[in-house]
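*Asks:* Chains as they are written, first to last, in full-length UniProt numbering: chain A, 1 to 330; chain B, 1 to 187; chain C, 1 to 712. For each residue, glycine too, the CB sits at the ideal point set by N, CA and C. Keep in mind that this is a model prediction, so the values were computed, not measured.
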Amino acid sequence: MKAFAYVRAGSVEEATEAYAAHPGAKYLGGGTNLVDLMKLGVEQPGALIDVGRLPLDAVEELPDGSLRIGATVRNSDVAAHPAVRDRWPALSQALLAGASGQLRNAATTGGNLLQRTRCPYFQDVTKPCNKRQPGSGCAALEGVHRDHAVLGHSETCVATHPSDMAVALAALDARVELYGADGTRSVPAARFHRLPGDRPERDTEIRPGELVTGVVLPAATAGLPSLYRKARDRASYAFALASVAAVLRVEDGVVRHAGIAFGGLAHRPWRAERAEAALLGAAPTEAAFGHALDLELAAARPLRDNAFKVPLARNVGVDVLTRLVPPTVA
Amino acid sequence: MGSRHHTRDDAATAAADRHHSQVTLHVNGTPRTLTLDHRRALLDVLREDLDLTGAKKGCDHGQCGACTVLVDGRRVNSCLQLAVALDGSEVVTVEGLGDGGMHPLQQAFLDRDAFQCGYCTPGQICSALGAIDEARAGHPSHVTDPGTPSGRPMPLGREEIRERLSGNLCRCGAYPHIVDAVEDVIR
Amino acid sequence: MADPLAAHHTATGAPAERREGRQKVTGTARYAAEHPLPGRAHAWPVQAAVARGRVRAVDTSDALSMPGVLAVLTHENAPRLGEQDDATLAVLQDDRVPHRGWFVALVVAETLEQARDAAAEVHVDYAAEDHDVLLTADHPAAYVPEEANGGNPATRERGTPDADFAAAPVRIDAVYRVPPLHNHPMEPHTSTAHWDGDRLTVHTSSQGTTAVRRTLAALFGLDEERITVTAEHVGGGFGSKGTPRPDVVLATMAARRAGRPVTVSLPRRQLATVVGHRAPTVQRLRLGADRDGRLTSLIHEVDTHTSRLKEFVEQAAVPSRVMYGSPHSRTLHRVTPLDVPSPSWMRAPGEAPGMYALESAMDELADALGTDPVELRIVNDTAHEPDSGKPFSSRHLAECLREGARRFDWAGRAVRARASTGNLLVGSGVASATYPVMVSPSTASAHALPDGSFAVRINATDIGTGARTVLAQVAADALGTPLDRVRIEVGNSDLPTAPLAGGSSGTASWGWAVHEACTRLTERLAAHSGPLPADGLDARADTTGTADADSPYARHSFGAHFAEVAVDTVTGEVRVRRLLSVFAAGRILNERTARSQFIGGMTMGLGMALTESSTVDASFGDFAERDLASYHVPVHADVPAIEAHWIDEHDPHLNPMGSKGIGEIGIVGTAAAIGNAVHHATGVRFRELPLTPDRILTALRERRHAPHAAMT
């Protein structure tokens with residue numbers, strides 16, 4: 001870990017100004033991934049701008065029925081928040097399926113979104129990785145890649161995004177709020193993370209110096225049945241082999257809204273738009289779910305050792321969607 | 001432990017500069033002011049600067065839980081907490097639990113033979129205390145029935161205890177006895 | 001358990017509380033990195049970034065210019081080491097890189113942060129060579145060595161195994177694979193070294209400091225009398241701390257160079273390549289049986305790998321020389337030297353992987369015969385060790401199987417399987433366990449003090465087994481005194497010499513010497529009249545010649561595991577619901593600590609079955625899993641109801657305590673019991689560990705798509 005300057009920001013403005021004033025700066029939230037990567041030498045910031053104590057620690061119910069979660073609210077507090085549990089349960093479940101109690105107590109909402117891939121080559125500075133060192137090559141493409149992407153990957157990068165939370169946010173049509181030199185803006189959570197293309201070093205759409213200030217869960221998905229399910233190698237404290245977050249509105253015996261996102265399959269939470277479109281107006285049957293997910297997963301291009309992820313994602317997806325159908329319809 | 005008056009540690013004589021800052025941590029009730037390398041994690045402050053070696057370094061990356069301590073009442077992996085970011089925080093380590101004697105959970109670990117090599121033990125104990133408080137405060141877990149009402153204490157059966165302590169690895173395999181010990185103190 | 005000896009109010013057998021327990025739960029027990037010494041420096045090693053080749057040059061100038069850096073050791077400037085027989089300890093002696101991760105430099109600095117930072121600035125230039133790291137069953141470099149580990153002959157053959165296998169009416173011919181596994185004790189390998197003139201003191205995390213001292217004496221050209229090595233508390237080892245490791249060599253070198261105490265605590269990520277791993281095995285089992293299930297031929301052939309540094313041959317076929325009677329048998333080991341990190345000891349070396357294969361094959365045989373797998377094992381029980389022909393000193397395998405079946409409700413397994421609901425398939429499995437009784441000579445001293453208390457001294461090591469506690473119990477009984485009158489000192493090489501905590505032999509070896517020393521002291525006390533002299537009375541023992549005497553008996557522990565699993569057909573996730581084992585391991589000396597050891601071994605076996613695996617990275621030559629996020633040690637949530645039971649076993653052919661070893665048998669066969677339960681649940685036979693969702697799901701799908709598939 002390189003020596004670095006440390007600045008504790010008192011406000012969002014102070015944070016972005018300090019960022020601009022310190023070449024090679026990084027924002028520090030809960031530190032659970034950044035400090036880990038600094039110890040590995042993967043991240044080498046010249047300065048840390050500590051945003052962990054910014055007044056972004058509130059969960060606010062907005063007049064329009066949406067819910068704003070401040071960027072510094074800890075993962076455990078989001079998961080336990082009554083509004084989240086009652087109205088967007090998939091988000092609570094996703095958070096609780098991730099990491100450990102200790103990590104969730106430290107990790108922030110903003111930091112969770114900005115965590116980096118757990119690809120073993122990304123984490124090892126002695127090996128090639130285009131994400132860590134553009135142009136050095138992708139060791140995972142032909143290497144050890146059982147845990148890697150089956151959708152949306154490129155020749156330059158086959159990493160997956162590790163967040164569980166982000167998968168739920170994507171399915172629930174959440175938006176990510178940002179503050180930067182150009183003021184505030186927000187982007188859909190499902191579009192916040194990028195596909196690798198030929199720029200795998202860029203994980204997200206965030207602009208230099210921009211700060212995540214919060215996420216907003218929209219009223220449109222509030223109170224709808226939603227679920228998160230994750231398959232993993234051990235019963236707890238493991239990253240997803242594949243996961244699914246889904247929200248479903250069924251009226252008059254047909255699907256009126258479906259939000260489906262996969263985790264563990266791609267460089268970003270994979271919003272299953274083709275599957276969603278196929279389900280609109282359809283009867284919510286297991287066969288319809290399977291058919292829709294097949295359409296989505298037809299785009300999958302598994303690597304040598306991870307073809308299992310396709311049926312796994314399909315199975316989990318069908319299971320989750322089936323469980324979201326109200327009993328009167330089922 | 002020890003006295004509660006303010007202690008200025010030897011390291012504090014080093015000057016604060018671009019890469020060092022003066023930091024005050026309230027450790028087991030005692031304020032400790034040190035000038036720290038920004039790179040220093042809370043775990044290393046405890047172990048190297050304060051000679052509180054109860055918190056253990058098992059992985060140094062938040063993957064084993066042996067370093068678990070309570071910061072401002074919540075359990076965290078002290079290996080991933082930069083001490084400079086904790087200025088003013090209250091830190092409780094395994095050495096600060098007993099208030100002179102042994103905390104009931106420490107006694108329960110002893111009674112249940114809930115450890116072998118002992119290296120994960122301080123982390124298990126601090127983690128369990130944090131988890132018990134979280135459940136009391138209504139925090140659900142991955143295995144909590146989503147229908148369990150919010151804002152009320154969550155009951156802690158064995159499955160809940162296992163899930164909530166899964167961030168603490170034990171290679172000796174003392175898990176069932178650890179769950180026994182935790183059950184002893186929540187009953 | 002009704003123990004007839006309990007009536008005598010003896011200390012042994014009682015569930016005495018761990019003597020160091022209070023220190024451990026209060027955080028005051030000090031481990032190897034936790035001895036504060038004035039001026040102590042920290043060191044961070046640099047690992048080779050090629051799988052094979054030479055170090056062409058090391059540029060240390062940047063590192064040396066960094067704040068706090070005291071020294072950078074490389075093969076060009078490190079102290080020259082003396083000869084000894086472990087090549088993995090000859091660190092920084094030449095430019096050769098035998099495997100990726102080999103140490104090529106060591107940075108010593110005032111603080112850990114400075115050392116770690118500077119280590120990243122040590123620039124190493126390599127002349128890389130092509131490497132070969134992949135074990136295959138038909139590797140051209142494979143050969144049959146003279147010996148497998150533990151002094152076992154590599155090959156044993158009785159009768160005409162091939163002909164009788166071919167002629168057998170029922171045959172199983174299957175290949176089982178166990179991946180590389182890592183010990184990963186919670187405390188990383190750590191040493192703190194301190195020179196005072198030419199006197200050396202080392203605090204190290206080791207399973208035996210007698211060997212560490214001996215090795216340091218050879219490496220640094222010192223008399224052993226000038227070296228003290230302590231291991232007061234050790235955060236687990238599971239074999240990986242059974243021999244001195246590079247940390248102790250590096251710390252000692254660095255302390256000499258820096259002229260001050262130095263701690264080397266190996267970063268977790270470095271462990272996978274430098275402190276050993278269980279070598280992968282590819283095991284072909286051929287079982288021939290008659291229609292009653294009696295084995296007529298047993299062929300167990302093992303392929304494994306070793307490094308370029310040493311010949312290490314995981315003795316996985318050895319348990320097939322012990323377990324079941326068969327008139328015809330061949331057991332053999334082939335090893336392939338590759339450019340891989342050196343494998344080493346991991347809990348139940350040989351038995352753990354070997355019994356996975358044998359006990360899985362036995363389940364397949366039971367299936368082929370339509371026989372209850374418990375009964376099949378009992379049918380093949382034997383009073384004589386098949387390989388040696390010696391009678392067993394005691395063998396209660398059948399009793400373990402029957403007792404376990406009763407406690408587990410084995411008979412109800414079909415009913416439970418039919419109760420599988422929804423996407424969860426439930427199944428039960430059984431497997432046998434065995435581990436040899438090993439014992440080594442040891443010395444010990446016992447001291448009677450005028451105040452009526454006793455001090456027993458022996459360089460045993462308590463790695464979490466409860467050695468202090470059980471040795472005090474042994475001493476108290478031999479002295480005829482209450483347990484609290486006995487003080488016990490262990491974990492310091494200045495104490496009477498003793499062997500390591502390993503091979504499930506610690507308590508037997510140390511206890512024998514403690515028993516003998518205390519018995520002699522009792523005799524001296526009986527002969528003494530009047531008050532004791534101010535410095536008390538002493539007695540010493542050395543069991544050389546007795547503990548290591550040949551026995552006319554084959555001596556082994558046995559056991560039986562019963563597992564119930566649920567397999568989720570949606571995700572392919574396998575979770576153990578119940579694990580219940582019964583052991584016959586001689587006299588249990590402390591039921592409390594013994595239970596913990598059994599359960600601990602079973603838990604590691606659960607990991608071996610379901611979660612643990614290391615992958616040799618063909619491109620880079622190291623393991624893909626180098627941290628505890630990717631190497632999946634079981635967590636709390638993986639470990640539900642686990643029960644360990646034992647049957648009273650009185651065996652007069654062991655040691656004065658009547659004990660066998662218990663540290664390893666818990667892991668032996670567990671993975672087979674779980675794998676057999678997965679077969680019972682799914683109808684699919686898996687032959688490669690671990691049983692992760694990718695494998696399960698893929699096989700379930702293949703089965704579903706296969707013609708005439710019959711899902712449960």
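1. Restricting to runs no shorter than 3 residues, where is the beta strand (DSSP E) found entirely within the region 477–525 of chain C?
2. Restricting to Cα atoms, I'd like to know which of B/CYS170, B/GLY138, B/GLY173, B/ARG171 is closest to B/GLU160.
3. Just reading off the alpha helix (DSSP H) that C/LEU365 is part of, what are its end residues?
4. Within a Cβ cutoff of 7 Å, which residues of the same chain sit near B/ARG8, ignoring the five residues on either side of it in sequence?
5. Counting only C-beta atoms, is A/TYR237 closer than 8 Å to chain B at any point?
6. Quick one: is A/ASN315 near chain C, going by C-beta distance under 8 Å?
7. Identify which residue in C/GLU573, C/ALA254, C/PRO391, C/PHE558 has its Cα closest to the Cα of C/THR670.
8. What does DSSP give as the partner residues of C/ASP538 in its beta bridges?
9. Taking the alpha-carbon positions, what's the C/LEU287 to C/ILE378 distance?
10. Opposite C/ASP622 in the DSSP bridges: which residues?
11. Does the distance from the C-beta atom of A/ALA242 to that of A/LEU265 stay below 8 Å?
12. Would A/ASP164 and A/ALA240 qualify as a contact pair, given that the criterion is a beta-carbon distance under 8 Å?
13. Can you find a C-beta in chain C that's less than 8 Å from the C-beta of B/PRO122?
14. So the beta strand (DSSP E) B/PHE109 belongs to, where does it begin and stop?
15. Check whether the Cβ of C/THR273 lies closer than 8 Å to any Cβ atom in chain B.
16. So if I threshold CB-CB distances at 9 Å, which residues from the region 157–172 of chain B count as touching chain C?
17. Less than 6 Å between C-beta atoms, sequence neighbours within five positions excluded: which residues of the same chain meet that for A/GLY111?
18. Over what stretch of residues does the alpha helix (DSSP H) that includes C/GLN270 continue unbroken?
19. Out of A/LEU151, A/PRO82, A/LYS39, A/TYR228, state which residue places its alpha-carbon closest to the alpha-carbon of A/LEU295.
20. DSSP state of C/PHE686, grouped into three classes?
21. Which term fits C/VAL46, buried or exposed, when burial requires 16 or more other beta carbons within 10 angstroms of its beta carbon?
22. Along chain C, which residues have their Cβ under 9 Å away from the Cβ of B/VAL185?
23. Could one say the Cβ of A/GLY52 lies closer than 8 Å to chain B's Cβ atoms, at least one of them?
24. Roughly how many angstroms lie between the CA atoms of C/PRO436 and C/ALA357, to the nearest whole one?
25. With DSSP as the reference, please indicate the residues paired to A/GLU263 in a beta bridge.
26. Starting from B/GLU159, trace the alpha helix (DSSP H) in both directions and tell me its first and last residue.
27. By DSSP's criteria, C/GLY82 is part of a beta bridge. Which residues make up the other side?
28. Can you list the alpha helix (DSSP H) stretches of 4 or more residues lying completely in the region 63–111 of chain A, in chain order?
29. Please confirm whether C/GLU649 has its beta-carbon closer than 8 Å to some beta-carbon of chain A.
30. On the DSSP bridge assignment, give the partners of C/ARG199 in chain order.
31. Mark C/SER61 as exposed unless 16 or more other C-beta atoms lie within 10 angstroms of its C-beta, in which case mark it buried.
32. Could you pull out every unbroken alpha helix (DSSP H) segment of at least 4 residues lying fully inside the region 132–172 of chain C, listed in chain order?
33. Count the other C-beta atoms from every protein chain shown that fall within 10 angstroms of the C-beta of C/THR136, then say buried if there are 16 or more, exposed otherwise.
34. Taking three-plus beta-carbon pairs below 8 Å as touching, is the region 314–327 of chain C in contact with the region 147–161 of chain C?
35. In angstroms, rounded to a whole number, what distance separates the CA positions of C/LEU654 and A/SER236?
36. How long is the line joining the alpha carbons of C/PRO343 and C/VAL282, rounded to whole angstroms?
*Replies:* Based on what the coordinates show:
1. 486–489
2. The candidate whose alpha carbon is nearest that of B/GLU160 is B/GLY138.
3. 351–369
4. Note on B/ARG8: pLDDT 46, under 50, position unreliable in the model; the coordinate value appears next. For B/ARG8, where only same-chain residues beyond five positions count, the Cβ hits under 7 Å are THR33.
5. yes
6. yes
7. C/PHE558
8. C/HIS447
9. So the alpha carbons of these two residues sit roughly 16 Å apart.
10. Paired residues: none, contrary to the question.
11. yes
12. yes
13. yes
14. No beta strand (DSSP E) contains B/PHE109, which is instead part of the alpha helix (DSSP H) from 104–111.
15. no
16. ARG158, GLU159, ILE161, ARG162, GLU163, ARG164, LEU165, SER166, GLY167, ASN168, LEU169, CYS170, ARG171, CYS172
17. GLY29, GLY30
18. Bounds of the alpha helix (DSSP H) holding C/GLN270 are 268–274.
19. Nearest C-alpha to A/LEU295: A/LEU151.
20. coil
21. buried
22. Going along chain C, no residue has its Cβ under 9 Å from B/VAL185, so there is no contact; the nearest lies around 13 Å.
23. yes
24. 18 Å
25. It is Gly, not Glu, that sits at residue 263 of chain A in the sequence shown. Paired residues: A/SER243.
26. 158–164
27. Looking at the DSSP output, C/GLY82 shares a beta bridge with no other residue.
28. 75–80, 82–87, 89–96, 101–106
29. no
30. C/ASP196
31. exposed
32. Fully enclosed alpha helix (DSSP H) runs of 4 or longer: 161–167.
33. exposed
34. Contact between the region 314–327 of chain C and the region 147–161 of chain C is present: 3 or more CB-CB pairs across the two stretches fall below 8 Å.
35. Straight-line spacing of the CA atoms in C/LEU654 and A/SER236 works out to 43 Å.
36. 15 Å
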